[in-house]
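What follows is one structure encoded as structure tokens, with my remarks underneath.
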Amino acid sequence: MPGKRKRAVQHKDDSEELLGRSNLNHKLVPNGKRLRRSRVDSTASARMGTIVDSSKTTPEAQGSALRESSVEAEASNGISRQTRRGKVKVEIAISPPAKRAKKTSCPKNRDSQSPHTSHEAAGNQPSLLVPSHVDPSPTSQTASAEQAQWNLAATKLGVLKRLKHLNIATSDSESSVNCKAARQLGDLIDGTVKRGEGNSCLLLGPRGSGKTTMVETCLVHLSDNPVVLRLSGWVQTSDRLALREIALQLLQQTGSSLLSDLNLPPVEGGQDENEENPFLDAQDSRAIVDDLHFSLPPSSQLHSLIPALLTLKRPVIVILDAFDLFALHPRQSLLYCLLDTVQNCRASVDNRGIAVVGITSRVDTIQLLEKRVKSRFSGRTIRTASSGSFESYLTSVQDNLTPNTLALDGRISEEWGQQWASCIQNLLAEKEVLELLQETFGLSRDPKLMSRILHLATAIEAQRSRSLHFGTTSKFRGSCAFARRLYDEFLDLSYPATCLLIASVHVETSGHSTFTFEMLSESIREQIRSSSSAPVQVKGGSIGMAFESLTAAKIFVPLMASSTTTPKEFLKHRCSLGKDIVKSIVEKAGQVNLRKWLSKAS
Amino acid sequence: MDFLKCPVPGYENVTVEFGTLASTYPPPFIYIQDIQALRTTLNAVDAILRDISNSNASMLHRSKVYYAKADCISCFTPRLFYEAVINSLVGWEPDWEEGCSNWAADGVVGAKWNENMDMFLHGLRAAHQYLCRQSGIGISESQGQLRKTPKGKGKAKEVPEAGFDGVRFIIVVERVERLKESQPEMIVPLTRLAELARIDLSVVFVSQVGWEDVKPPLGASPDPYYIDIHAPSKEHIVQSLVSNFSSLSSSASSSPSSSLTPYHPALEPLYSHFITILCDVCFPFTHDPAELQYIAAARWPGFCKPVLDEHKKTAKNSNLHSNGDADVDMDVDDGEERDSLFDEGEPSTTSMPITTDVRMRLTRLFNPSLTQAVESLVPRLSNAADWAKANDPQPNLLSLPPGKASLGQTHGSMATPSDATRSLPRMSKFILLASYLASTNPAKSDIRIFGRGVDEKKRRRRRAVPKTSGKTKSGGPSKIPQRLLGPTAFPLDRMLAILGALLEENDVDSRMLNRQFIIPGEETDMEISRVGVFASIVELTSMRLLHRASPPDRLDGPPQFKAAISYDTALALARQLKIALNDLLWDPM
Numbered sequence: 001m002p003g004k005r006k007r008a009v010q011h012k013d014d015s016e017e018l019l020g021r022s023n024l025n026h027k028l029v030p031n032g033k034r035l036r037r038s039r040v041d042s043t044a045s046a047r048m049g050t051i052v053d054s055s056k057t058t059p060e061a062q063g064s065a066l067r068e069s070s071v072e073a074e075a076s077n078g079i080s081r082q083t084r085r086g087k088v089k090v091e092i093a094i095s096p097p098a099k100r101a102k103k104t105s106c107p108k109n110r111d112s113q114s115p116h117t118s119h120e121a122a123g124n125q126p127s128l129l130v131p132s133h134v135d136p137s138p139t140s141q142t143a144s145a146e147q148a149q150w151n152l153a154a155t156k157l158g159v160l161k162r163l164k165h166l167n168i169a170t171s172d173s174e175s176s177v178n179c180k181a182a183r184q185l186g187d188l189i190d191g192t193v194k195r196g197e198g199n200s201c202l203l204l205g206p207r208g209s210g211k212t213t214m215v216e217t218c219l220v221h222l223s224d225n226p227v228v229l230r231l232s233g234w235v236q237t238s239d240r241l242a243l244r245e246i247a248l249q250l251l252q253q254t255g256s257s258l259l260s261d262l263n264l265p266p267v268e269g270g271q272d273e274n275e276e277n278p279f280l281d282a283q284d285s286r287a288i289v290d291d292l293h294f295s296l297p298p299s300s301q302l303h304s305l306i307p308a309l310l311t312l313k314r315p316v317i318v319i320l321d322a323f324d325l326f327a328l329h330p331r332q333s334l335l336y337c338l339l340d341t342v343q344n345c346r347a348s349v350d351n352r353g354i355a356v357v358g359i360t361s362r363v364d365t366i367q368l369l370e371k372r373v374k375s376r377f378s379g380r381t382i383r384t385a386s387s388g389s390f391e392s393y394l395t396s397v398q399d400n401l402t403p404n405t406l407a408l409d410g411r412i413s414e415e416w417g418q419q420w421a422s423c424i425q426n427l428l429a430e431k432e433v434l435e436l437l438q439e440t441f442g443l444s445r446d447p448k449l450m451s452r453i454l455h456l457a458t459a460i461e462a463q464r465s466r467s468l469h470f471g472t473t474s475k476f477r478g479s480c481a482f483a484r485r486l487y488d489e490f491l492d493l494s495y496p497a498t499c500l501l502i503a504s505v506h507v508e509t510s511g512h513s514t515f516t517f518e519m520l521s522e523s524i525r526e527q528i529r530s531s532s533s534a535p536v537q538v539k540g541g542s543i544g545m546a547f548e549s550l551t552a553a554k555i556f557v558p559l560m561a562s563s564t565t566t567p568k569e570f571l572k573h574r575c576s577l578g579k580d581i582v583k584s585i586v587e588k589a590g591q592v593n594l595r596k597w598l599s600k601a602s
Numbered sequence: 001m002d003f004l005k006c007p008v009p010g011y012e013n014v015t016v017e018f019g020t021l022a023s024t025y026p027p028p029f030i031y032i033q034d035i036q037a038l039r040t041t042l043n044a045v046d047a048i049l050r051d052i053s054n055s056n057a058s059m060l061h062r063s064k065v066y067y068a069k070a071d072c073i074s075c076f077t078p079r080l081f082y083e084a085v086i087n088s089l090v091g092w093e094p095d096w097e098e099g100c101s102n103w104a105a106d107g108v109v110g111a112k113w114n115e116n117m118d119m120f121l122h123g124l125r126a127a128h129q130y131l132c133r134q135s136g137i138g139i140s141e142s143q144g145q146l147r148k149t150p151k152g153k154g155k156a157k158e159v160p161e162a163g164f165d166g167v168r169f170i171i172v173v174e175r176v177e178r179l180k181e182s183q184p185e186m187i188v189p190l191t192r193l194a195e196l197a198r199i200d201l202s203v204v205f206v207s208q209v210g211w212e213d214v215k216p217p218l219g220a221s222p223d224p225y226y227i228d229i230h231a232p233s234k235e236h237i238v239q240s241l242v243s244n245f246s247s248l249s250s251s252a253s254s255s256p257s258s259s260l261t262p263y264h265p266a267l268e269p270l271y272s273h274f275i276t277i278l279c280d281v282c283f284p285f286t287h288d289p290a291e292l293q294y295i296a297a298a299r300w301p302g303f304c305k306p307v308l309d310e311h312k313k314t315a316k317n318s319n320l321h322s323n324g325d326a327d328v329d330m331d332v333d334d335g336e337e338r339d340s341l342f343d344e345g346e347p348s349t350t351s352m353p354i355t356t357d358v359r360m361r362l363t364r365l366f367n368p369s370l371t372q373a374v375e376s377l378v379p380r381l382s383n384a385a386d387w388a389k390a391n392d393p394q395p396n397l398l399s400l401p402p403g404k405a406s407l408g409q410t411h412g413s414m415a416t417p418s419d420a421t422r423s424l425p426r427m428s429k430f431i432l433l434a435s436y437l438a439s440t441n442p443a444k445s446d447i448r449i450f451g452r453g454v455d456e457k458k459r460r461r462r463r464a465v466p467k468t469s470g471k472t473k474s475g476g477p478s479k480i481p482q483r484l485l486g487p488t489a490f491p492l493d494r495m496l497a498i499l500g501a502l503l504e505e506n507d508v509d510s511r512m513l514n515r516q517f518i519i520p521g522e523e524t525d526m527e528i529s530r531v532g533v534f535a536s537i538v539e540l541t542s543m544r545l546l547h548r549a550s551p552p553d554r555l556d557g558p559p560q561f562k563a564a565i566s567y568d569t570a571l572a573l574a575r576q577l578k579i580a581l582n583d584l585l586w587d588p589m
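As they're listed, the protein sequences go chains X and D.
Counted the way full-length UniProt numbering counts, the first sequence spans residues 1 to 602.
Counted the way full-length UniProt numbering counts, the second sequence spans residues 1 to 589.
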């Protein structure tokens, strides 16, 4: 039994080393002599448990298995217990057979430790899937391993898909802000489409609170087929561009150019026909696009396009993303025209409605509008909000991690889905994970941030280690920090670059906020003279090139543009790295003389 | 992903992470940062995407991936950028015969996808439809998705296992920091491209600087999914450099004159040994694999030349012994011996008799020259071919006795600072020196350094400041020598005065006696007000040894100048003029 346990640990070690993310949990190393980084990392992560291992045990055992101290023992116990009983569940054993297979295939890798062999082994990775003969029932194990592999992959796919189309609204209760907003918006658009009203509203909410999603959902649920014109303030930076885009989108959706009707003499019968029949195939409409291109009228005539929107046979919905940017256009003429048209829209039988929906995250957008524009705007503001409470945040995390795999494909068993769900539940119930999530939630409620964390935590890690390793608390912490950009990058810099960084720190501590290359070079030269141990030749280009590369990476930021009268070596620079980061870089370089130099009083 | 193989050693993690994302459900916006080896990363990303786009559909890989690269250095206008992206997405190569027209969807002539961002978005959609049709995915289907689905809802329809569900675009934008400089208005639409184009699309930014430095203000762009790439370790670099040898040798052998190239396959073990040494020496100085490869290319022909020489000699000897025919033509001889010796032992690792002793000797001989190579090749003071030629070892190095064998002085063709100024006339040298002093010394120190009373000849210099610097007594930061901060501008008159002082002290004795001048210094006064002096100032300015700091059309006040020579040049000039420069500097070295 102890032997077995030891072997299991070794394996974990091994696979981690081959596949583990090298730098992510670097800080977790308790007291690392960092001779070999990957080595240390692997032991560190070996110390942390994984829920995959615990998932092999019964659900009751899982809870205890999650305690970090005893995970290892528990896990290997679980394996051996099951093999002893010969009761192998379908879902369980992905990693153990894989690891065993590895053991048999390349047993010497651990000892030799050379990067070459480890690389080779990583290349062999696919062969790990082949389960081994160690298990009591080889054939069933093969099938189950494949099935499990398949299950895992499918689940991962599901999670990834879920994360891509992040859905935050599902977890919200009926009374939440977003639900109310969605209802309001739906009513408004319904009014336009069904009753031919002229409506305008502003959808206001912080980034990532589901504004765009809400509009899209509303549009999908519409029974009629309105003309949807989408504009974005980021792209249509001037009114002229916006009008052209409107004309183009009209062409594509109705197959007719209102503009050409207005401008061209109605000689061509085809054009009128187009007007009658809005459902033309794409080919024709594209030909007209070209027409439009070659005869784009001056902007003064383009403006007459907007009042003509009302003459269409279908209701029109105009969506203005980044509404505040349209308000910054000179004289706000586009907004004026649109809102004026909305106001002129009389509900009658032969009139179709028009709705203008502005989307923005800027709170004072209405104040940006000119008086004449504001008076035509309905002033209706629909607010959205990110998930309000931590509970709902947590539910949405859980939701996104447990994809509806059944919908993906029928081949995934119910049992697997349940086990996965309980896995996730256990993970989210863990104290540290909860704290991390709470912290993140406190910082930003942007679901995109959550999505990034989960992306990193789940799919990638799971893929890499071919097990559900993401469940590891440490991994979760790592990806949390990474996605929030909290971790300091442990840059692996060349010797001259490190010297330059140290010199810049010394310049700063001596009270000068800026430095020139000559100052750093002088300081390095002096240091070399006094310590006579540094292997850098100052005479040549090596520190000059290091300086250039640091400038290119924006670690050294030039404070003024280079000019012909100031030579490059005298340009003033500032270091964008703090002293503590420089310190960690130097620590990592592990050279005694550099460390001494850094700690030397300047 | 199983079908992805890691393109470069050390990129295993990135391959898995990026490959998984790109082939399954990529976030709409990914940011890859690599500080040290950007070129390697660009190649790796390219290789990963190429693998993905060439691979077949599988369970995890449901969309046919098309990718486009746009390098922001070459795409310096929006139009170039749009053309690069759309043309490479659909695999269209502009043809000179056809007037270099861009890609256009079937049946549409003259569509201008490159006009502005709007048209680019339309172009993307058209390309998407076109490629959907091409890979057998119904347009109606994809259009329906386009219009109806709120980003992928209800897409759970059964698709046969073999085919792809849809078409995905991945647009790689390389060196984004340039985009920020040249076309900052492009960044926000690009980061939001997926939601603007409303097709399955992912934008990947690759850059040397962080997203924080590229990010547009006011939170206009969504935050990306970050991938940081860490510098490859020494072992990985060694691996990848050694693995390049086979391609080098195959390209060398394909060339017609392949008598005994340095890239003969038999030399591979020696090459890997060489690369290990090279990385041992050079890796501390630069972590860029491309630079190390460059140094290797410059040094390797020289490194293996002794071995090849030795081999030639022994082969010739054996030939002589066996044939007894002394009149064999050298070239033929070469070819024969290669055939006989190199190709005999087919595994070719044993065919080259390179003993450990030889390796040790080579290592000892060539080690110093590697540092020299870094010195002159990394800043490109010389190119690899020239450097290799200049540092070619003497023939038959290995047969020399160990004491005598040496590489001799290594040459890096570095320009010495005095080269440019050596040919200047004497007065110009004085002017340069005076302007350097005027640029470096504070104006108020002139009277102390150059001022001479009638009686006292001693100059009062500043007391030497203790070097420990740090803080001064008053608590403020210590002053940094002007020499390190760069030259300051000075009025012409001040420089002329200093020039006068310099001439008076160092030049008077060389002049012929002229009875005309009675007052001491009168002649110098005349010398410095000659037209020739002003002419040479103008000439030096046009040579960029002086910079004119004030605009040329300013009339009031004397014109301002700045010295443009370095301390080393000034020192060399002073030595030529036999002046002690350090005595004249306010902050001497």
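The beta-carbon is built from N, C-alpha and C at its ideal position, and this holds for glycine as well.
Predicted model only: the values in this text are computed from it and were never measured.
query                                                                                                                                                                                             : result
Do isoleucine 424(X) and glutamine 398(X) have their beta-carbon atoms positioned less than 8 Å apart in this structure?                                                                          : yes
What does glycine 486(D) reach in chain X if we use C-beta pairs closer than 9 Å?                                                                                                                 : Thr516, Glu518, Thr566, Pro567, Glu569, Phe570, Leu571, Lys572
Just tell me which of Pro487(D), Ala535(D), Glu83(D) has its CA closest to the CA of valine 104(D).                                                                                               : Reading off the sequence shown, one finds alanine at residue 104(D), where the question assumed valine. The shortest Cα separation from alanine 104(D) among Pro487(D), Ala535(D), Glu83(D) belongs to Glu83(D).
Along the chain, where does the alpha helix (DSSP H) containing proline 368(D) start, and where does it finish?                                                                                   : 356–377
Output yes or no for whether 8 Å exceeds the beta carbon distance between isoleucine 229(D) and threonine 363(D).                                                                                 : no
Tell me whether the region 70–86 of chain D and the region 50–58 of chain D touch, counting them as touching only if at least three CB pairs, one residue from each stretch, are closer than 8 Å. : no
Do the region 542–551 of chain D and the region 516–524 of chain D meet, that is, are 3 or more Cβ pairs less than 8 Å apart?                                                                     : no
Give a yes or no on contact between the region 181–199 of chain X and the region 351–365 of chain X, applying the rule of three or more CB pairs nearer than 8 Å.                                 : yes
Rounding to the nearest angstrom, what Cα-Cα distance links valine 533(D) and glutamate 504(D) in this structure?                                                                                 : 15 Å
Is valine 228(X) closer than 8 Å to leucine 241(X) when the C-beta atoms are compared?                                                                                                            : no
Under the three-state reduction of DSSP, which class applies to glycine 123(D): helix, strand or coil?                                                                                            : helix
Would a check of beta-carbon distances place residue 618(X) closer than 8 Å to chain D?                                                                                                           : Shown here, chain X extends from 1 to 602; a query on residue 618(X) therefore has no answer.
Arginine 529(X) by DSSP, collapsed to three states: which one?                                                                                                                                    : helix
I want to see whether chain X comes within less than 8 Å of residue 598(D), judged by CB atoms only; does it?                                                                                     : Given that chain D is displayed from residue 1 to residue 589, the structure contains no residue 598(D) and the question cannot be resolved.
Give me the chain B residues within the contact set of phenylalanine 285(D), using Cβ-Cβ distance strictly less than 7 Å, ordered along the chain.                                                : Absent here is chain B; the protein component of the structure consists of chains X and D.
Assuming serine 504(X) contacts leucine 520(X) (C-beta within less than 8 Å), just tell me the rounded distance between them.                                                                     : 6 Å
Measuring CA to CA, which of Phe81(D), Phe283(D), Ser246(D) is closest to serine 233(D)?                                                                                                          : Phe283(D)
Compare the C-beta of lysine 161(X) against all C-beta atoms of chain D and say whether one is closer than 8 Å.                                                                                   : yes
How many angstroms separate the CA atom of tyrosine 11(D) from the CA atom of threonine 371(D)?                                                                                                   : 28 Å
Which bits of chain X does methionine 117(D) rub up against, with CB to CB less than 7 Å?                                                                                                         : Val235
Would you call cysteine 100(D) buried or exposed, if buried means 16 or more other Cβ atoms sit within 10 Å of its Cβ?                                                                            : exposed
Given that a residue counts as buried once 16 or more other Cβ atoms are within 10 Å of its Cβ, and exposed if not, what is isoleucine 187(D)?                                                    : buried
Tell me whether the beta-carbon of alanine 322(X) lies closer than 8 Å to the beta-carbon of glycine 233(X).                                                                                      : yes
Check whether chain X comes within 8 Å of glutamine 208(D), counting only Cβ atoms and requiring the distance to be less than that.                                                               : yes
Helix or strand or just coil, what does DSSP make of asparagine 396(D)?                                                                                                                           : coil
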